[in-house]
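Here the structure comes first, spelled out in structure tokens, and everything after it is commentary.
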Amino acid sequence: MSRSVLTPADLFDSRQHGFAQVAVVATPLGRAVHVSGQVAWDAKRNIVGRGDIGRQLEKSLENLAAALASAGASLDQVGALRLYVKESHMREGRAIGDALKAAFGDNPPCATWIGVPSLADPDFLVEVEPSVVFLPTAP
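The numbering of the sequence shown is this note's numbering, which starts it at -15 and goes up by one.
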């Protein structure tokens, strides 16, 4: 099996930090698309929605969609999400739910919300990590 690394233009190049934004692994049954946890950074590493968990989750999901698109996948193919939510914002369920509904509509993935004391940057309020997305073998 082999792994190929993708660096979507809409996301910052994380390889300088020792990890890929997207890794595609060939398997006997197709391709497994792995995506790193996404936060509310733009491509230049500016935080979008500072202090606003709803806006940060929207941007994180936009980044997730861009990461998936780089491998030929979409949000509709995500079976489950892990949301790492800064403990100070765990009670903002309405804003979190609204952002998820805006991205997924009436066909949402499973989700687990995990309260954490902090994330990679003190201003990050949420990080989104998808389950593996499986795609058929490329022709």
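Where a beta carbon is used, it is the ideal one built from N, C-alpha and C, also for glycine.
No experiment lies behind these values; they were computed from the predicted model shown.
Under the three-state reduction of DSSP, G99 is assigned to strand. Sequence-distant partners of V(-11) (beyond 5 residues in either direction) whose C-beta falls short of 6 Å from its own C-beta, in its chain, are A4 and A7. The Cβ-Cβ distance between V110 and V69 falls below 8 Å. Relative to the Cα of T96, the nearest Cα in the group E71, E113, A86 and L13 belongs to E113. The shortest C-alpha to C-alpha distance from R(-13) to any of A(-7), V17 and D(-6) is the one to V17. The C-beta distance from A83 to E42 rounds to 5 Å, short enough to fall under 8 Å. Assignment of A64 by DSSP, reduced to helix, strand and coil, places it in the strand class. The count of Cβ pairs closer than 8 Å, one atom from the stretch 30 to 37 and one from the stretch 48 to 65, stays below three, leaving the stretches out of contact. Taking the C-beta atoms as reference points, C94 is found no nearer than 8 Å to A49. Taking C-beta atoms as the reference points, V117 and L52 count as a pair closer than 8 Å. Beta-bridge annotation (DSSP): H18 is paired with A7.
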